[in-house]
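Visitor: Heads up: take any position in the first sequence, counting from 1, add 13, and you land on my numbering. Quick reminder that beta carbons are idealized off the backbone N, C-alpha and C, glycines included.
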Amino acid sequence: MVRTRFAPSPTGFLHIGGVRTALYSYALARKHKGAFVLRIEDTDKKREIEGGIKNIVDGLKVFGMKFDEGPGIEGPYKPYIQSKRLKIYQEKAQELIDKGKAYYCFCSEERLKKLRESQQKAKKQPKYDGKCREIKKAEAEKRIKNGEKFVIRLKVPRGEKLILEDVLLGKVSWNSNDVDDQVLLKSDSFPTYHLAVVVDDVLMKISHITRGIEWLASVPKHILLYKAFDYKFPVTAHMPVILDPDGGKLSKRKGAVAVNEFLEQGYLPEATLNFLMLLGWAPKDDREFFSLSEFVKEFSMERLNKASPVFDRQKLLWFNGEYIRKLSKKGFEVKFLTWAKKYLKDKKLLKQLTDDEELVKKLELIQERVSVLSEIPNQLEFFYENMHAPNPKEIKGVKRYEKEDYVKVVSEYAEIIRSYEEDSSKWKHEKWEEDIRSLADKYSWKHGDMFMMIRLVICGSPVSPPLFESMVILGKDEIIRRLGEYK
RNA sequence: GGCGCUAUCGUCUAACGGUUAGGACACCGGGUUUUCAACCCGGCAAUCCGGGUUCGAUUCCCGGUAGCGUCACCA
14 MVRTRFAPSP TGFLHIGGVR TALYSYALAR KHKGAFVLRI EDTDKKREIE
64 GGIKNIVDGL KVFGMKFDEG PGIEGPYKPY IQSKRLKIYQ EKAQELIDKG
114 KAYYCFCSEE RLKKLRESQQ KAKKQPKYDG KCREIKKAEA EKRIKNGEKF
164 VIRLKVPRGE KLILEDVLLG KVSWNSNDVD DQVLLKSDSF PTYHLAVVVD
214 DVLMKISHIT RGIEWLASVP KHILLYKAFD YKFPVTAHMP VILDPDGGKL
264 SKRKGAVAVN EFLEQGYLPE ATLNFLMLLG WAPKDDREFF SLSEFVKEFS
314 MERLNKASPV FDRQKLLWFN GEYIRKLSKK GFEVKFLTWA KKYLKDKKLL
364 KQLTDDEELV KKLELIQERV SVLSEIPNQL EFFYENMHAP NPKEIKGVKR
414 YEKEDYVKVV SEYAEIIRSY EEDSSKWKHE KWEEDIRSLA DKYSWKHGDM
464 FMMIRLVICG SPVSPPLFES MVILGKDEII RRLGEYK
């Protein structure tokens, strides 16, 4: 039975890199009809933030990754929140003491700090010096009874070779002499990550682990713990970290890193997920588009890449545009409205959008012109407001004509439109186009410039959806009003 | 600094000893066009360096270099 897990800390918003890690774990479990469990690693209460668990649960949900066991979906190995499992860790720590695999340590944090500093000064690896390693158990217990503060440390054997067979990295080995006597149980009797993660993975029968390579260095400690608990070490794949375009870890300064930020910017979860799939994994062929369920079918750990990928926002943007273009008209409207209700700050525009029965028609005009949903309000705004037309003198092409011509030409075009009845044979694109071209000829304008001039007045921008389609939606009265208001 | 991981176009990647080193994004050029997009066609562009092994190395081995990770009573 394949059992995988995603085990984040509730210390902030769900990180985009976390989504990728979760994705691979999820896919592995689904592919083998196993279980995907969500476990919350909150043994450091200082770093926890309010709503942290909700952020994680909601984040997974947005991407459609359902977990089989976890907070809210209790399974056979509950609870799935580490802070509710403290007793278990304490018992396991005791078990390690009894087996001689761990020992009590009474060194003060102050002493450890000094030790570390002197080691660093001497250019040696900072490492616990083993002062309490040989204290007899009976004596230690006596000191504890007397109220002395203590921690429990892993008793790392000397001169042992520790080997990991990672599916991704292959054989990785360490000499145990380089491994520190890691604290397992803190003086406040909370477990450290290392104890908690191994105890839980053992108890929850986790068979496969995909996680960030930043954990690779702690693997030797975990190997020792698995041995001590006499449990088979799981299959692991240590994933490279996602890099920022100019090196280093993906960082906040360069743009969004949290999933809520991507959502706010109008990225579709499916597109984001698709982009993430290909960041460190490639299918057998050149295929690029995968839904989550298609990905599950194709996924295999062996095809994961070992090198650190760079997070290319351009490509994410492209993916998102592709996904938007693939949406049905109705689907596009639903996505947009859902987004707008949650994130659009301009409440007046929001009301106009939600009340608009013709919204689908307008959206249709811009569907292939946007890459993220947040671009939409700007592009639709002119339908609801007569935007101030930019100065033609600043627009390429039309700038070559005289100021008086601008007004004259616009008012003449207004007269033409005024003479037509809506729904008449003249109320159509072909006719309008003909009109504009002959108007251009009359004033010796380039045709394109005349289209641009009218566009500026009607749409308030040199960049807009198709002019005539927009005019049809605006209607005769509004067109005339806008042309008339131009001076 | 110790330990460890990695290394193909600018970026994501394919190739599992024999290819004109393939695809995608970006970029550049052309077409379409009333703007911007979208779309179509074309182009630029890579095996980090040095040694081996081999008839033959992007591919296997060693060394160098560079990048990254990690060295907490944080995860």
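Less than 9 Å between the C-beta atoms of A151 and Y116, yes or no?
Guide: For the purposes of this step, residue 151 is identified with residue 138 of the first sequence, where counting begins at 1. For the purposes of this step, residue 116 is identified with residue 103 of the first sequence, where counting begins at 1. Going by C-beta atoms, A151 is not nearer than 9 Å to Y116.
Visitor: Fully enclosed by the region 154-225, which alpha helix (DSSP H) runs are 4 residues long or longer?
Guide: 206-216
Visitor: Report yes if the C-beta distance between V169 and C118 is below 9 Å; otherwise report no.
Guide: Residue mapping note: residue 169 aligns to position 156 of the first sequence, counting from 1. Residue mapping note: residue 118 aligns to position 105 of the first sequence, counting from 1. For V169 and C118, no; Cβs fall outside 9 Å.
Visitor: Counting only the same chain and skipping the five closest in sequence on each side, list residues whose C-beta sits under 8 Å from that of L513.
Guide: Here the chain has residues from 14 to 500 only, and residue 513 is not among them.
Visitor: Around the C-beta of I337, are 16 or more other C-beta atoms found within 10 angstroms, so that it is buried, or is it exposed?
Guide: What you label residue 337 is simply residue 324 of the first sequence in a count that begins at 1. I337 comes out buried.
Visitor: Just to confirm the assignment, what range does the alpha helix (DSSP H) spanning V32 have?
Guide: In the first sequence, the residue the question calls residue 32 occupies position 19. It spans 29-44 - the alpha helix (DSSP H) in which V32 sits, taken as one unbroken run.
Visitor: How many angstroms separate the CA atom of P390 from the CA atom of L27?
Guide: One-based indexing of the first sequence puts residue 390 at position 377. One-based indexing of the first sequence puts residue 27 at position 14. Distance between the alpha carbons of P390 and L27: 27 Å.
Visitor: Is it buried or exposed, N190, if we count other Cβ atoms within 10 angstroms and call 16 or more buried?
Guide: The sequence position of residue 190 within the first sequence is 177, counting from 1. Counting Cβ neighbours within 10 Å, N190 comes out exposed, since fewer than 16 surround it.
Visitor: Tell me whether the beta-carbon of Y37 lies closer than 9 Å to the beta-carbon of M217.
Guide: By 1-based counting over the first sequence, the position of residue 37 is 24. By 1-based counting over the first sequence, the position of residue 217 is 204. Not closer than 9 Å, so no.
Visitor: With distance defined between alpha-carbon atoms, name the residue in N404, D454, K444, K439 nearest to P475.
Guide: In the first sequence, the residue the question calls residue 475 occupies position 462. Considering only alpha carbons, the answer is N404.
Visitor: I471 to S384, Cα distance in whole Å?
Guide: In the first sequence, residue 471 corresponds to position 458, counting from 1. In the first sequence, residue 384 corresponds to position 371, counting from 1. Between I471 and S384, the C-alpha separation is close to 24 Å.
Visitor: Whole angstroms is fine: what's the gap from L177's alpha carbon to K319's?
Guide: In the first sequence, the residue the question calls residue 177 occupies position 164. In the first sequence, the residue the question calls residue 319 occupies position 306. The alpha-carbon atoms of L177 and K319 are separated by roughly 16 Å.
Visitor: Does the Cβ of T223 have 16 or more other Cβ atoms within 10 Å, making it buried, or fewer, making it exposed?
Guide: For the purposes of this step, residue 223 is taken as the residue at position 210 of the first sequence. T223 comes out buried.
Visitor: Take K455 as the anchor and find which of E435, Y426, E482 has the nearest alpha-carbon.
Guide: Counting from 1 along the first sequence, the entry for residue 455 is found at position 442. Per the Cα distances, Y426.
Visitor: Residues in its own chain within less than 8 Å of G25 by CB, not counting five upstream and five downstream?
Guide: If you number the first sequence from 1, residue 25 lands on position 12. Correct list, in chain order: I62, G65, N68, A271.
Visitor: Quick check on Y501: does DSSP put it in helix, strand or coil?
Guide: Because the chain spans 14 through 500 in this model, residue 501 falls outside it and cannot be assessed.
Visitor: Spatial neighbours of G257 within its chain, please: C-beta separation below 8 Å, excluding the five flanking residues on both sides.
Guide: Counting from 1 along the first sequence, the entry for residue 257 is found at position 244. Note on identity: in this sequence residue 257 is Asp, with Gly being the wrong assignment. Residues of the same chain with a CB within less than 8 Å of the CB of D257, apart from the 5 flanking positions on each side, are L263, S264, K267, V323, F324 in chain order.
Visitor: As a quick exercise: from L198, V180, Q365, L175, pick the residue whose alpha carbon is nearest that of N188.
Guide: Taking the first residue of the first sequence as position 1, residue 188 is located at position 175. Among L198, V180, Q365, L175, the Cα nearest to that of N188 is on L175.
Visitor: Does DSSP put F302 in a helix, a strand or coil?
Guide: Against the first sequence, residue 302 aligns to sequence position 289. Coil at F302, not helix or strand.
Visitor: Could you have a look at G83 and say whether DSSP puts it in helix, strand or coil?
Guide: Translated into positions along the first sequence, residue 83 becomes position 70. Here G83 sits in strand by DSSP.
Visitor: Please list, in chain order, all residues of the same chain as P247 whose beta carbon is under 8 Å from its beta carbon, the five residues on each side excluded.
Guide: For the purposes of this step, residue 247 is taken as residue 234 along the first sequence, with counting starting at 1. If we look at P247 and ignore the five residues flanking it on each side, its Cβ neighbours are D214, I219, S220, H221, I222.
Visitor: Rounded to whole angstroms, what is the Cα-Cα separation between E381 and P478?
Guide: Mapped onto the first sequence, residue 381 falls at position 368. Mapped onto the first sequence, residue 478 falls at position 465. In a straight line, the C-alpha of E381 is about 10 Å away from that of P478.
Visitor: Short check: CB of D81 to CB of A48, under 9 Å?
Guide: For the purposes of this step, residue 81 is identified with residue 68 of the first sequence, where counting begins at 1. For the purposes of this step, residue 48 is identified with residue 35 of the first sequence, where counting begins at 1. For D81 and A48, yes; Cβs fall inside 9 Å.
Visitor: Taking all protein chains shown into account, do 16 or more other C-beta atoms lie within 10 angstroms of the C-beta of G31, making it buried, or fewer, making it exposed?
Guide: The residue you call residue 31 lines up with position 18 of the first sequence. Burial call: buried.
Visitor: Could you name the residues of the same chain whose beta carbon sits closer than 8 Å to that of D142, not counting the 5 residues immediately before and after it, in chain order?
Guide: Walking along the first sequence from the start, residue 142 turns up at place 129. Correct list, in chain order: L128.
Visitor: What does DSSP give as the partner residue(s) for T249 in the beta ladder?
Guide: Sequence index remark: in the first sequence, residue 249 carries index 236 (1-based). Partner(s): D179, I222.
Visitor: Use the C-beta contact count for Q133: other C-beta atoms within 10 angstroms, 16 or more gives buried, fewer gives exposed.
Guide: Residue mapping note: residue 133 aligns to position 120 of the first sequence, counting from 1. Exposed: under 16 other Cβ atoms inside 10 Å.
Visitor: Taking just the CA atoms, how far does N333 sit from Y499?
Guide: In the first sequence, counting from the first residue as 1, residue 499 sits at position 486. In the first sequence, counting from the first residue as 1, residue 333 sits at position 320. Spanning the two alpha carbons is a distance of roughly 38 Å.
Visitor: Go to T367, then tell me how far its alpha helix (DSSP H) extends in each direction, as first and last residue.
Guide: As a first step, residue 367 must be located in the first sequence, where it is residue number 354. Counting along the chain, the alpha helix (DSSP H) containing T367 begins and ends at 360-368.
Visitor: DSSP state of T24, grouped into three classes?
Guide: Locating residue 24 in the first sequence gives position 11, where the first residue counts as 1. The answer is coil: DSSP assigns T24 none of H, G, I, E or B.
Visitor: Are the beta-carbon atoms of W445 and F481 separated by less than 9 Å?
Guide: Numbered from its first residue, the first sequence carries residue 445 at position 432. Numbered from its first residue, the first sequence carries residue 481 at position 468. Yes, they are a contact pair.
Visitor: Does DSSP put F345 in a helix, in a strand, or in coil?
Guide: Against the first sequence, residue 345 aligns to sequence position 332. Here F345 sits in helix by DSSP.
Visitor: For the region 417-458, list the alpha helix (DSSP H) runs that are entirely contained and at least 4 residues long, ordered along the chain.
Guide: The region 417-458 contains these whole alpha helix (DSSP H) runs: 442-455.
Visitor: Any idea what DSSP makes of V411, helix, strand or coil?
Guide: One-based indexing of the first sequence puts residue 411 at position 398. Here V411 sits in helix by DSSP.
Visitor: Using beta-carbon positions only, say whether R52 and Q95 come within less than 9 Å of one another.
Guide: Looking up residue 52 in the first sequence gives position 39. Looking up residue 95 in the first sequence gives position 82. The answer is yes: Cβ separation under 9 Å.
Visitor: For Q392, count neighbouring C-beta atoms within 10 Å of its own C-beta (all shown protein chains included) and say buried if the count is 16 or more, exposed if not.
Guide: Here residue 392 refers to the residue found at position 379 when the first sequence is read from its first residue. Around the Cβ of Q392, a 10 Å sphere holds 16 or more other Cβ atoms; the residue is buried.
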